[in-house]
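Chains as they are written, first to last, in my numbering: chain V, 1 to 204; chain P, 205 to 408; chain A, 409 to 612; chain F, 613 to 816.
4 protein chains.
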Amino acid sequence: MPKPDVSDQRKAQILAAARDVFGRRPYEAVTMREIIAQSGLSTGAVYWYFPSKEAILTALLEDMAAANLAMLERLQQEPGPVVARLRAFFDHMASQAQAVSSLYLTGAKYRAMLSTDPDTHAVMERIGAAYRAGLQALIEEGIARGEFRPFAPAAVTTALLALYEGIMLLWVAAPTTVPLQESLQTAAQFVLAALTGNEGVSEG
Amino acid sequence: MPKPDVSDQRKAQILAAARDVFGRRPYEAVTMREIIAQSGLSTGAVYWYFPSKEAILTALLEDMAAANLAMLERLQQEPGPVVARLRAFFDHMASQAQAVSSLYLTGAKYRAMLSTDPDTHAVMERIGAAYRAGLQALIEEGIARGEFRPFAPAAVTTALLALYEGIMLLWVAAPTTVPLQESLQTAAQFVLAALTGNEGVSEG
Amino acid sequence: MPKPDVSDQRKAQILAAARDVFGRRPYEAVTMREIIAQSGLSTGAVYWYFPSKEAILTALLEDMAAANLAMLERLQQEPGPVVARLRAFFDHMASQAQAVSSLYLTGAKYRAMLSTDPDTHAVMERIGAAYRAGLQALIEEGIARGEFRPFAPAAVTTALLALYEGIMLLWVAAPTTVPLQESLQTAAQFVLAALTGNEGVSEG
Amino acid sequence: MPKPDVSDQRKAQILAAARDVFGRRPYEAVTMREIIAQSGLSTGAVYWYFPSKEAILTALLEDMAAANLAMLERLQQEPGPVVARLRAFFDHMASQAQAVSSLYLTGAKYRAMLSTDPDTHAVMERIGAAYRAGLQALIEEGIARGEFRPFAPAAVTTALLALYEGIMLLWVAAPTTVPLQESLQTAAQFVLAALTGNEGVSEG
DNA sequence: TATGAATGAGTTTTCATTCAT
DNA sequence: CATGAATGAAAACTCATTCAT
């Protein structure tokens, strides 16, 4: 029986600190010193677990995406109409967006997506690909089941992702102009309308 | 006889240099020294016309948006089906996107949108509002003319903008995964499908 | 009859602006731009009349000392006990100090005294020498008249000047700790006590 | 076994370098680069111990005042006539002034006293208060013992301090006009004359 | 006299990261 | 695993002053 690995706890500690700090200040304005202080560890300890500031952000972002991706996978297994499942996913993302993400965190995510660092890039692409795969599978199932009109699944998926990211971006840029919840929900409705050919979502 | 005003020429000179440099490197990696050297002016001269690096970027972005906004305004005046005009705008943006904008320039635009500087913020919001206003007017006309189904115009506009920004963002983040032209065009089709209720745009 | 020289007026304009600005901010924090704006003239015009920022300050200081020095000269001509004249001068300086000088102006004066610029230095020394000469003449008269004990006049003069400057300095450094008026008056009393050998100043 | 704390040594190293450099050039003309080079440490190391150039100067000034203040405290404990102790202190200050302080160091001290930085200000006030307290205690004892006439102790203390600072200032401003040693000694004599009511100090 | 656009040297400080212990 | 002192490159910007009109 190996002695309890302290690694995971330490990493969690650091990530929690990072989430806190990155949520309060733009990425560039965040210093390692802050993260280190907030984590309660020493400089060396933090660097023992993560090679760089950017790596911490990347790990944090990955961490935060995990739950969403898990849900997406679960939804793929579920029976029943794809429309409902898709809507459930939209709702989940919408609720989570406001609760968990801060402006700054979302901003940081875009910095990460735009990063020139290959590792960061790889991770962000991996996350993006996972979302893409899950959504596309759902779309394809919807088309197969005849729920959706036969758009090209890949393109629809891109549009879906773009819509989500775009709204988040617009919100970050102008939080007062773009009501997050509402915009996300209308967008969902809009997408389903396009996919199904119905005006809105006949909910009952 | 007052000496001829060189202000505009100087500003154009600086902006041209900035466009060049910002198009080659991420915003943070661009140094004032580069812009200054490229512009052929002295440090002081550049700072005489623009108070900061960020201000240069902002002015550049504003400059670049001007043409698009002019076209959008023109389209509002034109007669004929809104669908066609909207598609024309989409096409314009799509072609312009690849021709003019570089990855880095688009990246820089997001940095600007995310900036905490109030001046930058104000300008980016002004640009965003202009796009929004133009687009929304078109949507409303489309609804009024019976071309579009009665979605809430503001929300549809947000969705439209989000779709555009989102695709650009995904492209910047993963240029190989997301084919810019194609994605934009499919998105346009997708949007028109939702708006009109038809499967897409029967182009032939 | 030469056309009315605008020079003096311009200089006065600039000096007034400088007095204003130097009175509001520490010397280093004052920019020529401010002085220029405040003066209502153009950059070139200001530089036409004064060769440098430091020269402006120096001229201002000289200007401000002129009245004091004039009074000192007047007092030398007056008949009657030296004690009374000296006290009159102390009172004048004390009242003038609070009214005219601001913390910042006094601070600027010390900067000027400490300046490494030879011109500034020369002017400040000239002013200092004038004070010194006037005071020393008074002291010598007092000794000759038997009012004062036979201290070395030069040394007493230095002490007098030092006391004044020292109190101003202490006041600038800690305006709340050192009450200007009171400190100056007590110092005057103290000095006269030393000079005359009486405990204080038998005023009547 | 913790590694030996080198903090004090490092700080001393930096302060020694600073003393050296600030003694050779006016404060503004001193660059961090010089201090850093002279200290033999790296930029980061120097900034690890002191947050700014001004902080270094302040620490240096505090350091240099420490010895004087220690002596002042010692003198308070000593028995015997206050006049003698006060004279001893004056002599100490006079000798130390020329030996340790350079024109530039003294100039720098005035810059510090005039600084708008709150930390600097606090330190300089603390030093000033310590001198003031020590001196005033001595004066009060002298009055209590009947050696001095009953001047207001606080005001006399201000006068004393002002005299010292004023002479230093005049010396810095015009080193050739104001002989430091002599001026300080005459001032001391002058002060004691005022305090005791005797013509001076019958030294032999 | 007056203008004001242009100059450009020059400096403090930050901060992610390392590595000897 | 952990520490934290040490590194040092790097960059935006200021501002007194000039000089062609």
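Using N, Cα and C, we set each Cβ at its ideal position, and we do this for glycine too.
>> Comparing C-alpha positions only, which one of Ser795/F, Leu796/F, Leu773/F and Val768/F sits nearest to Gln614/A?
In response: The requested residue 614/A is not part of the displayed model; chain A covers only 409 to 612.
>> Using beta carbons (cut-off 8 Å, strictly below), is Ala631/A in contact with chain F?
In response: No answer is possible for residue 631/A: it lies beyond the span of chain A, which begins at 409 and ends at 612.
>> Relative to the C-alpha of Glu277/P, which candidate in Gly401/P, Thr235/P and Leu342/P has its C-alpha closest?
In response: Translated into positions along the second sequence, residue 277/P becomes position 73. Among Gly401/P, Thr235/P and Leu342/P, the Cα nearest to that of Glu277/P belongs to Leu342/P.
>> Determine whether the beta carbon atoms of Gln76/V and Gly134/V lie at a separation below 8 Å.
In response: Counted from its first residue, the first sequence places residue 76/V at position 76. Counted from its first residue, the first sequence places residue 134/V at position 134. Yes, the Cβ-Cβ distance between Gln76/V and Gly134/V is below 8 Å.
> Cβ atoms of Leu465/A and Gln421/A: under 8 Å apart, would you say?
Replying inline: As a working mapping, residue 421/A is identified with position 13 in the third sequence. As a working mapping, residue 465/A is identified with position 57 in the third sequence. No, these two residues do not count as a Cβ contact at 8 Å.
> Of all Cβ atoms in chain F, is any one closer than 8 Å to the Cβ of Gly536/A?
Replying inline: Counting from 1 along the third sequence, the entry for residue 536/A is found at position 128. Answer yes: the Cβ-Cβ gap between Gly536/A and chain F drops below 8 Å somewhere.
> How would you label Gly146/V, buried or exposed, when you count the other beta carbons within 10 angstroms and need 16 or more for buried?
Replying inline: The residue given as residue 146/V occupies position 146 in the first sequence. Exposed: under 16 other Cβ atoms inside 10 Å.
>> Tell me the DSSP secondary structure of Ala786/F in three-state form.
In response: Position 174 of the fourth sequence, counted from the start, is the residue given in the question as residue 786/F. Three-state result, Ala786/F: coil.
> Leaving out five residues before and five after Leu103/V in sequence, what residues of the same chain have Cβ atoms less than 7 Å from its Cβ?
Replying inline: As a position in the first sequence, residue 103/V is number 103, starting the count at 1. Closer than 7 Å at the Cβ level, and outside the excluded window around Leu103/V, lie Val172 and Pro175.
> What distance in whole Å lies between the Cβ atoms of Leu169/V and Leu156/P, which are believed to be in contact at a cut-off of 8 Å?
Replying inline: Because residue 156/P is not part of the residues shown, which for chain P are 205 to 408, the question remains open.
> Between which two residues does the alpha helix (DSSP H) containing Arg214/P stretch?
Replying inline: In the second sequence, residue 214/P corresponds to position 10, counting from 1. Arg214/P -> alpha helix (DSSP H) spans Ser211 to Phe226.
> What are the boundary residues of the alpha helix (DSSP H) that includes Pro459/A?
Replying inline: Sequence index remark: in the third sequence, residue 459/A carries index 51 (1-based). Looking at the DSSP string, Pro459/A is not in any alpha helix (DSSP H), and its letter there is neither H nor E.
> Thr643/F: buried (16+ other C-beta within 10 angstroms of its C-beta) or exposed?
Replying inline: Within the fourth sequence, the letter at position 31 stands for residue 643/F. Its Cβ having fewer than 16 others within 10 Å, Thr643/F is exposed.
> Could you give the residue range of the alpha helix (DSSP H) that holds Asp119/V?
Replying inline: Counted from its first residue, the first sequence places residue 119/V at position 119. Note, Asp119/V: alpha helix (DSSP H), Pro118 to Ala144.
> Looking only at its own chain, which residues have a Cβ that is under 6 Å from the Cβ of Met736/F, when we skip the five neighbours before and after it?
Replying inline: Along the fourth sequence, read from residue 1 onward, the residue named residue 736/F stands at position 124. Cβ neighbours of Met736/F beyond the five flanking positions: Ala724 and Met725.
> Taking buried to mean at least 16 other C-beta atoms within 10 Å of its own C-beta, is Ser523/A buried or exposed?
Replying inline: Residue numbering aside, residue 523/A sits at position 115 when the third sequence is read from its first letter. With 16 or more other Cβ atoms within 10 Å, it is buried.
> In the region 753 to 778 of chain F, which residues sit with their C-beta less than 8 Å from some C-beta in chain A, listed in chain order?
Replying inline: Arg761, Phe763, Ala764, Ala767, Val768, Thr770, Ala771, Leu773, Ala774, Leu775, Tyr776, Glu777 and Gly778
>> Between which residues of its own chain and Phe151/V is the CB-CB distance below 6 Å, once the five residues before and five after are set aside?
In response: Residue 151/V sits at position 151 when you count from the first residue of the first sequence. None.
> Using a C-beta cutoff of 8 Å, does Ala601/A count as contacting chain F?
Replying inline: As a working note, residue 601/A is residue 193 in the third sequence. So yes, Ala601/A belongs to the interface.
> With distances taken between CB atoms, is the gap from Ile575/A to Ala595/A smaller than 8 Å?
Replying inline: Looking up residue 575/A in the third sequence gives position 167. Looking up residue 595/A in the third sequence gives position 187. Their beta carbons are under 8 Å apart, which means Ile575/A touches Ala595/A by this criterion.
>> Between which residues of its own chain and Pro285/P is the CB-CB distance below 7 Å, once the five residues before and five after are set aside?
In response: For the purposes of this step, residue 285/P is taken as the residue at position 81 of the second sequence. Taken in chain order, the residues that qualify are Glu351.
> So Leu160/V and Val191/V are in contact, right, with Cβ under 8 Å, and what is the actual spacing, rounded?
Replying inline: Indexing the first sequence from 1 puts residue 160/V at position 160. Indexing the first sequence from 1 puts residue 191/V at position 191. About 6 Å; that satisfies the 8 Å criterion.
>> Less than 6 Å between C-beta atoms, sequence neighbours within five positions excluded: which residues of the same chain meet that for Leu399/P?
In response: Position 195 of the second sequence, counted from the first residue, corresponds to residue 399/P. The answer, listed in chain order, is Phe352.
>> For Leu220/V and Ala220/P, what's the separation of their Cα atoms in angstroms?
In response: Outside the displayed span of chain V (1 to 204) sits residue 220/V, for which this structure offers no information.
> What are the boundary residues of the alpha helix (DSSP H) that Thr400/P is part of?
Replying inline: Here residue 400/P refers to the residue found at position 196 when the second sequence is read from its first residue. Start and end: Leu384 to Thr400.
>> Counting only Cβ-Cβ distances shorter than 7 Å, please list the residues of the region 298 to 321 of chain P near chain V, keeping chain order.
In response: Gly311, Tyr314, Met317, Leu318 and Thr320
>> Given this structure, state the Cα-to-Cα distance separating Arg495/A from Arg540/A, to the nearest angstrom.
In response: Looking up residue 495/A in the third sequence gives position 87. Looking up residue 540/A in the third sequence gives position 132. Rounded to whole angstroms, Arg495/A to Arg540/A spans 16 Å at the Cα level.
> How long is the line joining the alpha carbons of Tyr639/F and Met472/A, rounded to whole angstroms?
Replying inline: Start at 1 with the first residue of the fourth sequence, and residue 639/F comes out as number 27. Start at 1 with the first residue of the third sequence, and residue 472/A comes out as number 64. Distance between the alpha carbons of Tyr639/F and Met472/A is about 27 Å.
> Cα separation between Ala709/F and Tyr253/P?
Replying inline: Locating residue 709/F in the fourth sequence gives position 97, where the first residue counts as 1. Locating residue 253/P in the second sequence gives position 49, where the first residue counts as 1. Cα to Cα, Ala709/F sits roughly 51 Å from Tyr253/P.
> Within the 8 Å Cβ cut-off, does Phe598/A reach chain F?
Replying inline: Residue numbering aside, residue 598/A sits at position 190 when the third sequence is read from its first letter. Closer than 8 Å: yes.
>> Could you compute how far the alpha carbon of His613/A sits from the alpha carbon of Pro730/F?
In response: Because chain A in this structure spans residues 409 to 612, residue 613/A falls outside the shown range and cannot be described.
> So what's Pro489/A in DSSP terms, helix, strand or just coil?
Replying inline: Position 81 of the third sequence holds residue 489/A. Pro489/A falls in the coil class under three-state DSSP.
> Of the choices Arg237/P, Ala249/P, Ser387/P and Ala222/P, whose alpha-carbon is the least far from that of Pro153/V?
Replying inline: Start at 1 with the first residue of the first sequence, and residue 153/V comes out as number 153. Closest option to Pro153/V, Cα to Cα, is Ser387/P.
>> Taking the alpha carbon of Gln589/A as the reference point, which residue from Leu468/A, Ser509/A and Leu477/A has its own alpha carbon closest?
In response: Along the third sequence, read from residue 1 onward, the residue named residue 589/A stands at position 181. Comparing Cα positions, the closest option is Ser509/A.
> Would the beta-carbon of Gln417/A fall within 8 Å of that of Asp428/A?
Replying inline: In the third sequence, the residue the question calls residue 417/A occupies position 9. In the third sequence, the residue the question calls residue 428/A occupies position 20. No; because the gap between Cβ atoms is not below 8 Å, this pair is not in contact.
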